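Numbering (this note's numbering), first residue to last: 928 to 1370. Since the structure comes first, as structure tokens, the remarks are kept for the end.
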């Protein structure tokens, strides 16, 4: 009986091994195709990034060396996109055609409406507008890339889930006959639970640190504050959006809102760098334009990745004089509500991280009692509805105009809830939001 049991165990183990091997081979083939698709998607993003950075460099400096990505006889972006489309066809992924077509159309619109006009006349009166339009197209392209990545990830999860299901069938079939397989499985499950507990504890620590890096609010003399932060990915621990309000003295306060490119731990590190660098520079000068000038140089000298950048807004609020002196680094999401009229604050300089020679201008905004300032990262204006239409600046101003502003926190919550409803509860980008209600009374 012992011999028969041993023979049975051997045959069961061989049968399970053969079945698992066959299924693994099938899964590996699919995963290889997914890896190739991801590599081609990375080429698409890199080609667009090279073109965008080259165009920025040329517009900013006039140096034609930046136009190297445009000198190729073929369109690298379109070639990479075509290769990706062929690979994705093999994977048989539903809903892939729409984002691929949108990526192609966005690239062609970027070439026609941004790149070619700026290449023909980089000093045109609407150059800054075209650059901002280019950022919108590139951000939309990033959104489509994220959709494609989600589809690839979903395909991978489906393959892995199917593989796991079939492996479990074979494994638990063996467990039903062989007690030792059951013991091994129990040990495996126990170890997995323990490991998951360790992972959950470490994730909680990282989320706590991420929150500390990302946001900080102190009392702002002569005003009341409302804040909100939403993550586009509920599984993401940290991100690159932040706001910071710090009191300078009894009458003035520093206001910072920024969007650092990138995601995850790397973005959190850069977020901390932005936050505490701006604080340190604000101790040396109260001129927001000078703060951004110096921070731009610091960022270029410190951050090694040339593709990283920061969109930001730095302001010094004087509660006694009721003024806001500010400078904006490519940040368009700043609005003033006076009564029921909402206006958009002017962008006063390019995004941080392009070139050390770029400068920033400051503006002084005279404020009145009951005025409301809204500062938001592009997760607000880029919120899409079910049809895929962006909220945009006009939509953001409409939300502010309709919101209840006597309580700035309720105003922030109302705007966030409107964005949630519009987007069906799913955001394409993180959203940091700061509402400042001017009332001449410190909170």
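Glycine is no exception: its CB is placed at the ideal position from the N, C-alpha and C atoms. Here the structure is a predicted model, which means the values were calculated and not measured.
According to DSSP, residues forming a beta bridge with residue i
{"i": "residue 1006", "result": "According to DSSP, residue 1006 bridges with nothing at all."}
{"i": "residue 909", "result": "The requested residue 909 is not part of the displayed model; the chain covers only 928 to 1370."}
{"i": "residue 1174", "result": "1180"}
{"i": "residue 1292", "result": "1251"}
{"i": "residue 1168", "result": "1186"}
{"i": "residue 1271", "result": "1262"}
{"i": "residue 1240", "result": "1184 and 1255"}
{"i": "residue 1156", "result": "1359"}
{"i": "residue 1302", "result": "1261 and 1361"}
CB contact check: residue i to chain B, cutoff 7 Å
{"i": "residue 1238", "result": "Within the model displayed, chain B is absent; a lone protein chain is all it includes."}
Pair within 7 Å by beta-carbon distance, residue i and residue j
{"i": "residue 1328", "j": "residue 1269", "result": "yes"}
{"i": "residue 1185", "j": "residue 1219", "result": "no"}
{"i": "residue 1339", "j": "residue 1180", "result": "no"}
{"i": "residue 961", "j": "residue 1020", "result": "no"}
{"i": "residue 1361", "j": "residue 1302", "result": "yes"}
{"i": "residue 1144", "j": "residue 1172", "result": "yes"}
{"i": "residue 1358", "j": "residue 1300", "result": "no"}
{"i": "residue 1018", "j": "residue 1082", "result": "yes"}
{"i": "residue 938", "j": "residue 975", "result": "no"}
{"i": "residue 1008", "j": "residue 971", "result": "yes"}
Buried or exposed (CB count within 10 angstroms, at least 16 for buried), residue i
{"i": "residue 1241", "result": "buried"}
{"i": "residue 949", "result": "exposed"}
{"i": "residue 1023", "result": "buried"}
{"i": "residue 1233", "result": "exposed"}
{"i": "residue 1122", "result": "exposed"}
{"i": "residue 1244", "result": "buried"}
{"i": "residue 1274", "result": "buried"}
{"i": "residue 1170", "result": "buried"}
{"i": "residue 928", "result": "exposed"}
{"i": "residue 967", "result": "buried"}
{"i": "residue 1164", "result": "Residue placement at residue 1164 is flagged as unreliable, the pLDDT there being 46, under the threshold of 50; the coordinate-derived value follows with that caveat. With 16 or more other Cβ atoms within 10 Å, it is buried."}
{"i": "residue 1034", "result": "buried"}
{"i": "residue 1309", "result": "buried"}
{"i": "residue 1236", "result": "buried"}
{"i": "residue 1126", "result": "exposed"}
{"i": "residue 1102", "result": "buried"}
{"i": "residue 1158", "result": "buried"}
{"i": "residue 1331", "result": "exposed"}
{"i": "residue 1363", "result": "buried"}
{"i": "residue 1058", "result": "buried"}
{"i": "residue 1208", "result": "buried"}
{"i": "residue 1099", "result": "exposed"}
{"i": "residue 1342", "result": "buried"}
{"i": "residue 1053", "result": "exposed"}
Contacting residues, own chain, Cβ-Cβ under 6 Å from residue i (five flanking each side not counted)
{"i": "residue 1224", "result": "1283"}
{"i": "residue 984", "result": "993"}
{"i": "residue 1246", "result": "1148, 1149 and 1178"}
{"i": "residue 1348", "result": "none"}
Minimum C-alpha distance to residue i - residue among the options
{"i": "residue 977", "options": "956, 957 and 999", "result": "999"}
{"i": "residue 1259", "options": "1194, 1305, 1245 and 996", "result": "1305"}
{"i": "residue 1345", "options": "1335, 1364, 1325 and 1333", "result": "1325"}
{"i": "residue 1250", "options": "1280, 1017, 1147 and 1049", "result": "1147"}
{"i": "residue 1038", "options": "1060, 1028 and 1177", "result": "1060"}
{"i": "residue 1288", "options": "1297, 1298, 1050 and 1272", "result": "1272"}
{"i": "residue 1210", "options": "1239, 1174 and 1238", "result": "1174"}
{"i": "residue 1196", "options": "1168, 1013, 1005 and 1256", "result": "1168"}
{"i": "residue 982", "options": "971, 969, 997 and 972", "result": "997"}
{"i": "residue 990", "options": "1237, 1117, 1049 and 1006", "result": "1049"}
{"i": "residue 1217", "options": "1176, 1227 and 1276", "result": "1276"}
{"i": "residue 1297", "options": "931, 1307 and 1267", "result": "1267"}
{"i": "residue 995", "options": "1187, 1290, 1046 and 1265", "result": "1046"}
{"i": "residue 1016", "options": "1029, 1347, 1336 and 963", "result": "963"}
{"i": "residue 1291", "options": "1347, 1238, 1215 and 1307", "result": "1215"}
{"i": "residue 1087", "options": "1365, 1043 and 959", "result": "959"}
Contacting residues, own chain, Cβ-Cβ under 7 Å from residue i (five flanking each side not counted)
{"i": "residue 1204", "result": "1222 and 1225"}
{"i": "residue 1026", "result": "1071, 1074 and 1075"}
{"i": "residue 1311", "result": "1317, 1350 and 1355"}
{"i": "residue 1333", "result": "none"}
{"i": "residue 1067", "result": "1033"}
Cβ neighbours of residue i in the same chain (closer than 8 Å, five flanking residues each side left out)
{"i": "residue 1229", "result": "1200"}
{"i": "residue 1041", "result": "982, 1057, 1058, 1060, 1061 and 1064"}
{"i": "residue 1213", "result": "1175, 1179, 1243 and 1252"}
{"i": "residue 1370", "result": "Note that residue 1370 has pLDDT 42, beneath the 50 cutoff, so the model's placement of it is unreliable and the number below is only indicative. Hits under 8 Å: 1146, 1147, 1150, 1151 and 1152."}
Residue i: CB within 6 Å of a non-hydrogen atom of the ligand FMN
{"i": "residue 1099", "result": "Absent from the structure shown: the ligand FMN. Ligands present: none."}
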